[in-house]
Amino acid sequence: KIHKTFKDAIGGAHVVEEVQFVNKSGIKVLARVYASSITSSNERLVQVIFQDVTKEREIMENMEKSATDLARLNKMKDSFLGLASHELKTPLTVIMGYSELITTDMAERIDPTVLEMVQNISNAAARLNNIVKDMVDISMIDEKKLQLRLESIDLNRLVEDSVNELRFFFSMRKQEVIINLDDSIPLIKGDPLRIMQLLSNILGNAIKFTPDGGRITITSGSKYLLRSRQTPMTHDQLYVNIGRERHMYLQVAITDTGIGIDMEDQLHIFDKFYEVGNIEEHSTGKIAFKAKGAGLGLAIARGIVEMHSGEIWVESQGSDPVNFPGSTFYILLPLDPVVGDATLDYMNLLR
Ligand code: ADP
164 KIHKTFKDAI GGAHVVEEVQ FVNKSGIKVL ARVYASSITS SNERLVQVIF QDVTKEREIM
224 ENMEKSATDL ARLNKMKDSF LGLASHELKT PLTVIMGYSE LITTDMAERI DPTVLEMVQN
284 ISNAAARLNN IVKDMVDISM IDEKKLQLRL ESIDLNRLVE DSVNELRFFF SMRKQEVIIN
344 LDDSIPLIKG DPLRIMQLLS NILGNAIKFT PDGGRITITS GSKYLLRSRQ TPMTHDQLYV
404 NIGRERHMYL QVAITDTGIG IDMEDQLHIF DKFYEVGNIE EHSTGKIAFK AKGAGLGLAI
464 ARGIVEMHSG EIWVESQGSD PVNFPGSTFY ILLPLDPVVG DATLDYMNLL R
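Pasting the structure below:
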């Protein structure tokens with residue numbers, strides 16, 4: 164192998180080979196051999212550099228193994244999520260069904276103390292049901308099984324509807340809501356229920372992570388962007404489709420005057436189960452300040468946006484629970500989430 168390396172190098176090629184050696188102590192050493200020819204005062208010489216890459220290779224192999232292990236673990240987590248949510252659904256339906264029956268139809272025949280207990284069971288089951296629903300949604304998004312029911316929707320009305328649904332919570336937390344809607348934006352194709360769910364998740368977080376008396380501002384508008392509408396984006400694609408033509412997108416921005424989010428957390432909060440900071444510091448409850456959830460809300464939000472070929476991101480100057488720098492969540496939706504149009508995307512242009 165070494166002889167061939169020399170011969171190829173003398174022939175003018177730059178050769179890079181890996182050769183296994185055994186050192187005096189019998190330990191295997193992997194060398195990367197770089198060979199090239201040089202001319203020095205009319206003499207053709209071959210210059211060969213041996214670089215010990217044993218450690219490098221070991222690290223590479225370990226990294227590859229870790230990556231495979233991680234991928235396997237991730238897969239296990241995903242299938243556990245799907246399985247657990249389906250297994251939890253049936254008994255939960257039974258608990259909810261019976262407790263509802265007791266608290267409604269049988270209420271008069273039951274001791275008030277027992278009735279109150281059953282009411283508590285019923286409330287807890289309803290909370291658990293919301294978590295299970297989120298688990299079902301996220302596993303359907305992961306498995307690409309979530310079906311959108313597309314229809315013409317008025318994004319402004321959906322913003323108003325989701326704010327109205329949460330009015331009670333805003334007032335409980337004494338938070339001011341400001342809605343700036345651009346009435347000139349066109350209808351878009353989307354799944355109204357899923358978009359409501361997306362907006363509720365973002366607004367729900369704004370309520371939770373903004374102190375009492377804070378302000379939440381929702382703005383809608385449109386803009387033209389040089390983006391391809393080609394394939395729906397997925398978060399493992401590290402590029403943005405840049406098209407040749409400008410397409411109109413609708414944007415909803417939700418700004419709060421809350422605790423803010425650190426730069427290094429801004430990408431990860433859209434991952435499932437990601438919780439910022441110390442979990443023990445979170446309080447319980449659905450809308451309490453800094454209330455802890457299951458960490459699925461934003462993952463679902465991103466899944467819904469991406470299925471609509473849109474994009475979601477957050478901007479914040481950082482997390483500061485004293486000065487409250489706030490955060491703004493941006494949602495960008497195309498007018499029509501059609502898969503595949505003639506516009507070339509950026510990667511195709513590069514190719
Ligand atoms: P959770 O159920 O914990 O709210 P999410 O996926 O909705 O899960 O959010 C993930 C994390 O992102 C939250 O635990 C919180 O730390 C952070 N976060 C989300 N929205 C905001 C916001 N408006 N302000 C500050 N932090 C936020």
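Quick note on numbering: this note's numbering labels position 150 of the sequence shown as 313, and the sequence is numbered without any gaps.
In this text, a Cβ means the ideal position worked out from N, Cα and C, and glycines have one as well.
Item to complete: For the alpha helix (DSSP H) containing S204, list its first residue and its last residue.
Response: First-last for S204: undefined, no H or E at that position.
Worksheet item: What is the DSSP secondary structure of D499, reduced to helix, strand or coil?
Response: coil
Discussion item. Excluding the 5 residues flanking P395 on each side, which residues of the same chain have their C-beta closer than 8 Å to its C-beta?
Written reply: Bear in mind that the predicted position of P395 carries a pLDDT of just 48, short of 50, making it unreliable; the figure below should be weighed with that in mind. Around P395: E469, M470, H471, S472, P500, V502.
Worksheet item: F487 by DSSP, collapsed to three states: which one?
Response: coil
Worksheet item: Is any heavy atom of the ligand ADP found at a distance shorter than 7 Å from the C-beta of S385?
Response: no
Worksheet entry | Backbone CA spacing between L246 and Q429 [nearest angstrom] | 29 Å
Discussion item. Measuring alpha carbon to alpha carbon, tell me which residue in A462, S363, D354 is nearest L496.
Written reply: Comparing alpha carbon positions, the residue from A462, S363, D354 closest to L496 is D354.
Practice prompt. Using only alpha-carbon positions, find the residue among V209, S203, D346 that is nearest to G175.
Written response: V209
Practice prompt. Evaluate Q393 with the Cβ neighbour count: other Cβ atoms within 10 Å of its Cβ, from every protein chain shown; 16 or more gives buried, anything less gives exposed.
Written response: Legend: pLDDT at Q393 = 49, less than 50; position of this residue unreliable, no value from coordinates given.
Worksheet item: Who are the Cβ neighbours of T466 in its own chain at under 6 Å, not counting the five residues just before and after it?
Response: With the sequence shown as reference, residue 466 is identified as Gly, and Thr is not the correct amino acid for it. These residues qualify, in order along the chain: I304.
Worksheet entry | Run of the beta strand (DSSP E) containing V216, from where it starts to where it stops | If you look at V216, you'll find it isn't in any beta strand (DSSP E); DSSP assigns it neither H nor E.
Worksheet item: Taking C-beta to C-beta, are V364 and G460 nearer than 8 Å?
Response: According to the sequence provided, residue 364 is Asn. The question's Val does not apply to it. The answer is yes: Cβ separation under 8 Å.
Worksheet item: If we call anything under 8 Å between Cβ atoms a contact, is I417 one with I379?
Response: yes
Discussion item. Using only the alpha-carbon positions, how far apart do D300 and K455 sit?
Written reply: 19 Å
Discussion item. Is S490 a contact residue of the ligand ADP, with contact defined as CB to any heavy atom under 7 Å?
Written reply: yes
Worksheet item: Is G466 near the ligand ADP, in the sense that its beta carbon is under 7 Å from a heavy atom of that ligand?
Response: no
Worksheet item: Nearest to N486 by alpha carbon, out of D232, H166, F372, I212?
Response: F372
Item to complete: Indicate, with yes or no, if the ligand ADP has a heavy atom lying under 7 Å from the CB of V439.
Response: yes
Worksheet item: Should F213 and V196 be called a contact, given that it needs their Cβ atoms to be closer than 8 Å?
Response: yes
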